[in-house]
Amino acid sequence: MDKRVFKVILSLVLTLFFTSTFNFTTGVSYGKEKPIIVGAPIPRASAYGQNGERGMIMAVEEINAAGGVKVAGKMRPIKLEIIDSRDEEPGVPTSEVLLAIEKLIL
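Number 1365 in our numbering belongs to position 89 of the sequence shown; there are no gaps in the numbering.
This is the structure:
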C-alpha cells in the first residue's frame, strides 16, 4: 500500500475514533433538563386530526433528536401532550383537561 494512501486512511480512522469517543460541545449544556410541554387539542375522529397528530409527533421527534430547543443556553426537550378535542360531541373544554395533566401556560 502506498504511504500516502495509508496516511489518509489512518487519519480518517483516527478522526472517526476521536469524534465518536469524545463528546465535543459548543458551550451549550446537554444535561437532563426539564422538558417544555406543548398541549395540542386535536380532533382525533377526523382524518385531518389524525394527520395533524402524526405531523406533530414527527416534528417533536426531529427537534428532540437534534438536541431540543435552546432556552437560556440550555437545550431542553419538547414533550407533546395530545388531547382529543372531540369536536363532534360535547365535553370538558380541552384547556381544562390540559391544565389537569400538567401546569401549562395557555
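Virtual Cβ for every residue (Gly too), placed ideally from N, Cα, C.
field: Environment of G1344 [buried if 16+ CB atoms lie within 10 Å]
entry: buried
task: Please report how far the alpha carbon of A1348 lies from the alpha carbon of K1310, in whole angstroms.
output: 13 Å
Residue interval of the alpha helix (DSSP H) (run including A1323): 1323-1341
message: Could you check whether I1312 and K1355 sit closer than 9 Å to each other, using their CB atoms as the reference points?
response: yes
- request: Under the assumption that E1357 contacts G1331 (Cβ atoms under 8 Å), give the Cβ distance between them as a whole number of angstroms.
  value: E1357 to G1331, Cβ: 16 Å. No contact.
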